[in-house]
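A.B. asks: Here you go, one structure.
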Amino acid sequence: VSGYQQIFRLDKENHSKPLENPNTDIGFCGRILVGLSLIFLLITLPISIWMCIVIVKEYQRAIIFRLGRLLSGGAKGPGLFFVLPCTDSFINVDMRTVTFNIPPQEVLTRDSVAVCVDALVYYRVQNPTLAVANVSNADAATQLLAQTTLRNVLSNKNLAEILSDCEHIAHFMQVTLDNATDDWGIKVERVEIKDVKLPPQLLRAMASEAEATREARAKVIAAEGEMSASRALKEASLVIAESPSALQLRYLQTLNTIAEEKNSTIILALPLEILPKFVNT
């Protein structure tokens with residue numbers, strides 16, 4: 001477990017959730033106001049009933065406040081529910097998964113290389129009550145935290161680790177963000193490293209290095225091929241030296257190959273035995 005997870009764990013131990021046991025008691029004056037609201041509702045029926053009906057969609061939940069306090073029972077919905085006029089207010093919370101594209105972040109890696117990295121974050125509201133009452137804007141807070149977490153994580157990595165271990169970095173960011181946003185009622189489902197942009201000078205240097213590596217490998221392969229060919233020729237010469245007629249057969253085979261490729265060529269074959277006489281003279 002790395003340092004970021006330990007920091008978030010200690011922070012969660014030191015700060016308790018403010019809405020684990022919310023106080024829903026509205027007091028004596030509040031009960032009087034609620035009673036007056038009910039009387040007003042009964043007097044103005046059936047017109048007032050349309051002011052009390054609230055419809056929440058399948059992917060939404062409603063957080064109801066009565067005289068500024070959270071109504072017991074948690075989030076309402078989906079479907080139809082009632083609110084009292086003048087005393088109740090509600091906030092709709094979207095429970096669908098939100099996709100956030102982290103803007104490109106200029107990061108200096110541990111080996112002093114400047115890279116530009118952007119990522120995708122998938123998150124959703126898991127507890128609508130905490131998302132409304134514990135943070136002023138859960139979406140904005142999660143997105144800002146994702147940006148800073150990306151910069152902090154990548155600044156402790158080498159360039160080679162960033163390029164080759166993106167999946168591990170994304171998983172570590174997902175766990176870190178999920179732990180940090182737990183008190184906000186946010187569930188971070190997935191983090192993906194979208195792109196890693198390198199400076200043009202570094203790209204040219206890496207391309208030159210890769211080209212030099214391929215050239216060196218090609219030269220080694222060519223040298224190994226020449227070595228193998230020379231050994232084969234040496235073995236062939238030893239076989240031909242054991243049988244003088246084999247050299248004549250090889251000579252005739254070469255003439256046959258030339259005749260197949262260039263039919264218009266006229267070849268005069270001379271016995272190999274007369275060549276030493278010309279050499280000696």
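Numbering (the UniProt record's numbering), first residue to last: 1 to 281. Just so it is clear, CB atoms sit at the ideal spot from N, CA and C, and this is done for glycine as well. All values derive from a computational prediction rather than experimental measurement.
Which same chain residues end up closer than 6 Å to P104 when comparing Cβ atoms and leaving out the 5 residues on each side of it in sequence?
C.D. replies: In the sequence shown, the residue the question calls residue 104 occupies position 104. Once the five neighbours on either side are set aside, the close Cβ partners of P104 are C116 and D118.
A.B. asks: Determine the DSSP secondary structure at Q201, reduced to helix, strand or coil.
C.D. replies: On the sequence shown, residue 201 is found 201 positions in, with the first residue counted as 1. Looking at Q201 - three-state DSSP - the assignment turns out to be helix.
A.B. asks: Between which residues of its own chain and I64 is the CB-CB distance below 7 Å, once the five residues before and five after are set aside?
C.D. replies: As a first step, residue 64 must be located in the sequence shown, where it is residue number 64. The answer, listed in chain order, is L71, K76, V83, D88 and F90.
A.B. asks: Leaving out five residues before and five after T97 in sequence, what residues of the same chain have Cβ atoms less than 6 Å from its Cβ?
C.D. replies: Here residue 97 refers to the residue found at position 97 when the sequence shown is read from its first residue. These residues qualify, in order along the chain: Y122 and R124.
A.B. asks: Assuming L120 and L145 are in contact, meaning their beta carbons sit under 8 Å apart, how far apart are those beta carbons, in whole angstroms?
C.D. replies: Against the sequence shown, residue 120 aligns to sequence position 120. Against the sequence shown, residue 145 aligns to sequence position 145. Wrong, their Cβ atoms sit about 15 Å apart, outside the cutoff.
A.B. asks: List the DSSP bridge partners of G79.
C.D. replies: As a position in the sequence shown, residue 79 is number 79, starting the count at 1. DSSP lists V56 as partners of G79.
A.B. asks: On the DSSP bridge assignment, give the partners of Q105 in chain order.
C.D. replies: Numbered from its first residue, the sequence shown carries residue 105 at position 105. In DSSP, Q105 forms a bridge with V117.
A.B. asks: Taking the beta carbon of V239 as the centre, do at least 16 other beta carbons fall within 10 Å, making it buried, or is it exposed?
C.D. replies: Against the sequence shown, residue 239 aligns to sequence position 239. Exposed, because fewer than 16 other Cβ atoms sit within 10 Å of the Cβ of V239.
A.B. asks: What first and last residue would you give for the alpha helix (DSSP H) that runs through V175?
C.D. replies: Numbered from its first residue, the sequence shown carries residue 175 at position 175. C166 to A180 is the extent of the alpha helix (DSSP H) around V175.
A.B. asks: Quick test of your reading: P78 and L41, contact by CB under 8 Å. State the CB separation rounded to the nearest angstrom.
C.D. replies: Position 78 of the sequence shown, counted from the first residue, corresponds to residue 78. Position 41 of the sequence shown, counted from the first residue, corresponds to residue 41. Going by Cβ atoms, the distance from P78 to L41 rounds to 24 Å, so no, they are not a contact pair.
A.B. asks: Going along the chain, which residues of its own chain have a beta-carbon closer than 7 Å to the beta-carbon of L67, five neighbours each way excluded?
C.D. replies: Working through the sequence shown from its first residue, we reach residue 67 at position 67. Excluding positions up to five away in sequence, the list reads I26, G30, L33 and T87.
A.B. asks: Using 7 Å as the threshold, is the C-beta distance between F100 and Q143 below it?
C.D. replies: By one-based count along the sequence shown, residue 100 stands at place 100. By one-based count along the sequence shown, residue 143 stands at place 143. Yes, they are a contact pair.
A.B. asks: S136: which of D183, P46, E58 and K194 sits nearest, CA to CA?
C.D. replies: Within the sequence shown, numbered from 1, the residue matching residue 136 stands at position 136. Comparing Cα positions, the closest option is D183.
A.B. asks: Got a sec: does the ligand FMN put a non-hydrogen atom nearer than 6 Å to the Cβ of S237?
C.D. replies: The model on display carries no ligand, and the ligand FMN is accordingly not part of it.
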